[in-house]
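Novice: Numbering (the working numbering), first residue to last: 8 to 250.
Every residue, glycine too, gets a C-beta built ideally from N, C-alpha and C.
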Ligand SMILES: NC(=O)c1ccc[n+]([C@@H]2O[C@H](COP(=O)([O-])OP(=O)(O)OC[C@H]3O[C@@H](n4cnc5c(N)ncnc54)[C@H](O)[C@@H]3O)[C@@H](O)[C@H]2O)c1
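1. Mark residue 8 as exposed unless 16 or more other C-beta atoms lie within 10 angstroms of its C-beta, in which case mark it buried.
2. My understanding is that residue 153 touches residue 208, with C-beta atoms under 8 Å, so please give their C-beta distance in whole angstroms.
3. Cβ of residue 32 versus every heavy atom of ligand 1: is any distance shorter than 7 Å?
4. Is the shortest distance between the beta-carbon of residue 17 and the beta-carbons of chain D less than 8 Å?
5. Could you pull out every residue in the same chain whose Cβ sits closer than 7 Å to the Cβ of residue 53, ignoring the five residues on either side in sequence?
6. With a Cβ-Cβ cutoff of 8 Å, do residue 71 and residue 43 count as a contact?
7. One question on the structure: do residue 100 and residue 156 come within less than 8 Å of each other, judged by their Cβ atoms?
8. With the cut-off set at 8 Å, would you say residue 140 and residue 183 are in Cβ contact?
9. Mapping DSSP to helix, strand and coil, what is residue 189?
10. Which complete alpha helix (DSSP H) runs does the segment 141-210 hold, if anything under 4 residues is left out?
11. Pick helix, strand or coil for residue 16, following the three-state DSSP scheme.
12. Alpha carbon to alpha carbon, what distance is there between residue 89 and residue 134?
13. Taking C-alpha atoms, which residue in 29, 78 and 95 lies nearest to residue 124?
14. Quick check: the Cα distance between residue 234 and residue 176, rounded to an integer number of angstroms?
15. Do residue 170 and residue 202 have their C-beta atoms within less than 8 Å of each other?
Here it is in structure tokens:
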């Protein structure tokens, strides 16, 4: 029960890896704020948790919107009285070459994927006690990528650099900041990716379950990882090692 007495905000908690993380954190005693763009999806995760006698509330937000991030943090504090874990999981992709991509679409990806990490760090960390943890969800695309997903890959690379730097700033506060970088995981995001559908991005052989990622995210967020800080844990079933 590694999260007993801890309040955990998980963005993207309405689906896939975020949902599995919410369920696992609640099963380990956490009070979970399921934060998602889609209220119905967030509520479904919260209902799944409370029907199993866990503690959870849903929070609707766009993680790329500073005011909505601040409102979500305020809701967590008002409901549960503390903020101990933040998992920045929500993200989006575009599927166009850079020369064809609208400026607004590029900036939307950066605001959603990277801006969200900035907002939750800037406005969340001041409320977090020593022993707290922030886990940012990166991707193997920060390390190796394909054509037509450059804004996504760039945002994920930036998240890893942000994490390293912010972990240094948080060292004196005893707040750990790390990344988990998933490989291919069986979620809507994977199967909606046209590069995966066309075979341009090969995923056969190493497809994880959302629960595999939740296990890694919960480990990094817990006291079990108390000596792990500023790092990226790649959780890809060995995919990046294959030639
Ligand atoms: N599935 C994979 O193969 C894979 C691989 C590498 C990295 N990842 C990363 O894992 C994380 C979770 O992805 P997933 O596969 O579980 O995706 P998913 O599509 O199953 O879930 C993503 C969730 O994020 C929410 N979301 C999207 N934009 C949002 C916004 N602006 N504000 C609030 N919520 C928003 C969606 O509503 C959805 O519930 C993402 O950061 C993704 O980049 C996934």
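Specialist: According to the structure shown:
1. Locating residue 8 in the chain shown gives position 1, counting from the first residue. Residue 8 should be labelled exposed.
2. By 1-based counting over the chain shown, the position of residue 153 is 146. By 1-based counting over the chain shown, the position of residue 208 is 201. Indeed they touch by this definition, with Cβ atoms about 5 Å apart.
3. Here residue 32 corresponds to residue number 25 of the chain shown, with the count starting at 1. No - ligand 1 has no heavy atom lying nearer than 7 Å to the Cβ of residue 32.
4. Of the protein chains in this structure there is only one, and it is not chain D.
5. For this step, residue 53 is matched to residue 46 along the chain shown. Here the set comprises 41, 63, 64 and 65.
6. To locate residue 71, count along the chain shown from 1; it is residue 64. To locate residue 43, count along the chain shown from 1; it is residue 36. No, these two residues do not count as a Cβ contact at 8 Å.
7. Residue numbering aside, residue 100 sits at position 93 when the chain shown is read from its first letter. Residue numbering aside, residue 156 sits at position 149 when the chain shown is read from its first letter. Contact flag set, yes.
8. One-based indexing of the chain shown puts residue 140 at position 133. One-based indexing of the chain shown puts residue 183 at position 176. Yes, they are a contact pair.
9. For the purposes of this step, residue 189 is identified with residue 182 of the chain shown, where counting begins at 1. DSSP places residue 189 in strand when its eight states are reduced to three.
10. List check, alpha helix (DSSP H) in window: 157-177, 195-198 and 201-205.
11. Position 9 of the chain shown, counted from the start, is the residue given in the question as residue 16. Here residue 16 sits in strand by DSSP.
12. Start at 1 with the first residue of the chain shown, and residue 134 comes out as number 127. Start at 1 with the first residue of the chain shown, and residue 89 comes out as number 82. Approximately 7 Å between the Cα atoms of the pair.
13. Locating residue 124 in the chain shown gives position 117, counting from the first residue. Nearest C-alpha to residue 124 among 29, 78 and 95: 95.
14. Mapped onto the chain shown, residue 234 falls at position 227. Mapped onto the chain shown, residue 176 falls at position 169. Rounded to the nearest angstrom, the two C-alpha atoms are 16 Å apart.
15. Here the question's residue 170 lines up with position 163 in the chain shown. Here the question's residue 202 lines up with position 195 in the chain shown. In this structure, residue 202 does not lie closer than 8 Å to residue 170 by Cβ.
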